[in-house]
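Residue numbers (this note's numbering): 269 to 789.
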């Protein structure tokens, strides 16, 4: 790394699309028969699904336990080929840290990439969202040959910083946000390094959850590693390498074909935010979607400039990830969730803008800006697809969720810092012919769960006074959006002076599909 400096790598984050096919991959995938390929795809998805479920069962943080998990199998070059998730923005962001590892650490004598290694990362510059989203990945070898990576990206509820709970509403620069870890090796010879675990734990308020989440990710990827090695032993390493690459090839071809079936056109949906975090302020995300032939261009020209000293900036790669919430769940719902889908997507971001953060500005509240953008993506996508397949036209999901972030001691005297799971119980947008689904999940994590109340109360220092569908959290008309969940909490037995509560809330904002007017709230 010292050969190129110690700053952020601006080249590797541009490599969201699949890497060029190697000669080995080309010859190997051409030998894969269709029937064998279909069986392979199913088996690999089951391996990834087992990894996702294992991560959820072993994790300690709220998000990990209730579905904010993206579990992936990547090519040796770092491209995501197989993914089990409901949190689709990680489906195309998980390859950036791995491409960083391949680029910087493979041939670095002091680091290296070897059998039994494990790597950790949470810098949002490489992950794309915010620093509470953390990942762990391992290389998988056949003999001395690196054949793939396996990784799990999950939101852990505490990342340090000036406020608890992983979201820093008052951050003025990245130095207020806590942990910002580029991909580093935290394990060798199938063992985690205790000195580095101690360092990571010292950076957070909730050391137990931090370490348990890391170990949960590692346990899950090791299970997947064994399953992959069984496939290689049965079918051969050439078959595995070829079929994994073919998954990307076929997905990219299918995505372009699906886009080509839609009518060409330009779809505009400027979106506005009236908050800069802890202060009011008007900003614009100027989204224009241009569909031409077999490609879609996202143009963000004339969006607001970066918000200096405020935390709502986002890296461009984060918005590409949130684009895939719509692409994977709706437009390409019948295709595998991998970065082969990006073969059909182009993008244009202005420099030094709210949607293309640079320098040391804070991105802790990037999810707020990304939510605002995603509403526009849903609306543009619905208009783009309506004439071709109206059943896929869905209004933007309700996104007025409140997220109580807390930190301190729980009722058992243990340090904790996290958020509550009700973020995963928002209403689905209305369809053209029927209402949206109440408490359908989170728009960004459609396979997530908000947990039962008793599970949340067991190790959290509060009891619920109520939890039910939130009145007026939906649009009005012949067909309305689904209702989100509302709830009340009462804190107990926490030594109140040690407890801190914050709340991040986006204004409820359902939208009509074919109107410039917002619905009444």
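A virtual CB, placed ideally from N, CA and C, is assigned to each residue, including glycine.
As the structure is a computational prediction, the values presented were derived from the model and not from experiment.
Spatial neighbours of residue i within its chain, please: C-beta separation below 7 angstroms, excluding the five flanking residues on both sides.
| i | result |
| --- | --- |
| residue 713 | 335, 336, 354, 355 and 692 |
| residue 522 | 603 |
| residue 508 | 415, 499 and 500 |
| residue 649 | 594, 598 and 599 |
| residue 653 | 530, 599, 660 and 661 |
| residue 655 | 531 |
| residue 610 | 284, 285 and 360 |
| residue 349 | 341, 342, 343, 512, 515, 516 and 606 |
| residue 485 | 323, 404, 420 and 422 |
| residue 289 | 513 |
| residue 312 | 341 and 350 |
| residue 320 | 337, 339, 352 and 353 |
| residue 537 | 555, 644, 647 and 648 |
Nearest to residue i by alpha carbon, out of the options?
| i | options | result |
| --- | --- | --- |
| residue 643 | 352, 590, 657 and 613 | 590 |
| residue 283 | 464, 332, 309 and 347 | 347 |
| residue 596 | 577, 395 and 715 | 715 |
| residue 634 | 503, 435, 285 and 328 | 435 |
| residue 277 | 313, 364 and 317 | 364 |
| residue 673 | 598, 431, 735 and 453 | 431 |
| residue 514 | 759, 739 and 297 | 297 |
| residue 469 | 273, 299, 744 and 684 | 684 |
| residue 759 | 753, 727 and 747 | 727 |
| residue 488 | 299, 678, 352 and 393 | 352 |
| residue 566 | 645, 549 and 580 | 645 |
| residue 275 | 291, 368 and 314 | 368 |
| residue 339 | 325, 318 and 345 | 318 |
| residue 619 | 462, 560, 316 and 575 | 575 |
| residue 357 | 592, 418 and 370 | 592 |
| residue 362 | 641, 504, 280 and 702 | 280 |
| residue 636 | 546, 682 and 616 | 546 |
| residue 294 | 510, 524, 394 and 708 | 510 |
| residue 701 | 496, 675, 746 and 681 | 746 |
Looking only at its chain, what residues have a beta carbon closer than 6 angstroms to the beta carbon of residue i, apart from the 5 residues adjacent to it on each side?
| i | result |
| --- | --- |
| residue 719 | 334 and 689 |
| residue 551 | 541, 572 and 622 |
| residue 412 | none |
| residue 704 | 695, 696, 697, 698, 749 and 750 |
| residue 427 | 399, 400, 434, 446 and 447 |
In three-state terms, what does DSSP make of residue i?
| i | result |
| --- | --- |
| residue 321 | helix |
| residue 554 | strand |
| residue 498 | helix |
| residue 537 | strand |
| residue 352 | strand |
| residue 766 | Model confidence at residue 766 stands at a pLDDT of 48, short of 50, so the residue's coordinates are unreliable and nothing is read from them. |
| residue 525 | helix |
| residue 673 | strand |
| residue 440 | coil |
| residue 473 | coil |
| residue 715 | coil |
| residue 738 | coil |
| residue 296 | helix |
| residue 416 | strand |
| residue 721 | helix |
| residue 285 | coil |
| residue 580 | coil |
| residue 615 | strand |
| residue 567 | strand |
| residue 368 | helix |
| residue 589 | helix |
| residue 833 | The structure shown does not extend to residue 833, since the chain spans only 269 to 789, so no value can be given for it. |
| residue 698 | coil |
| residue 479 | helix |
| residue 601 | coil |
| residue 692 | helix |
Report the CB separation of residue i from residue j in whole angstroms; it is logged as a contact under 8 angstroms.
| i | j | result |
| --- | --- | --- |
| residue 422 | residue 331 | 6 angstroms |
| residue 477 | residue 425 | 6 angstroms |
| residue 761 | residue 729 | 6 angstroms |
| residue 554 | residue 569 | 7 angstroms |
| residue 608 | residue 519 | 3 angstroms |
Is residue i a contact residue of the ligand SAM, with contact defined as CB to any heavy atom under 6 angstroms?
| i | result |
| --- | --- |
| residue 293 | In the structure shown, the ligand SAM is absent, as is every other ligand, since no ligand is present at all. |
Tell me which same chain residues have a C-beta within less than 8 angstroms of the C-beta of residue i, skipping the five on either side of it?
| i | result |
| --- | --- |
| residue 756 | 732, 733, 734 and 735 |
| residue 443 | 628 |
| residue 725 | 731 and 732 |
Assess, as a yes-or-no matter, whether the segment 576 to 586 is touched by the segment 615 to 632 under the definition of 3 or more beta carbon pairs within less than 8 angstroms. Contact check between the segment 615 to 632 and the segment 576 to 586: three or more CB pairs, one atom from each, fall below 8 angstroms, which counts as touching.
Meets three-Cβ-pair contact criterion under 8 angstroms: the segment 526 to 534 and the segment 318 to 329: Result no; under three Cβ-Cβ pairs closer than 8 angstroms.
Using 8 angstroms as the Cβ pair cut-off and three pairs as the minimum, do the segment 728 to 741 and the segment 372 to 385 touch? A contact between stretches requires three or more CB pairs, one per stretch, nearer than 8 angstroms, and the segment 728 to 741 fails this requirement with the segment 372 to 385.
Whether or not the segment 653 to 665 and the segment 435 to 455 are in contact is what I'm after, with contact meaning three or more pairs of Cβ atoms, one per stretch, closer than 8 angstroms; do they touch? Not touching, per the Cβ criterion.
Would you call the segment 302 to 321 and the segment 399 to 407 in contact, with 3 or more CB pairs under 8 angstroms? Segment contact: the segment 302 to 321 against the segment 399 to 407, fewer than three CB-CB distances shorter than 8 angstroms; contact not assigned.
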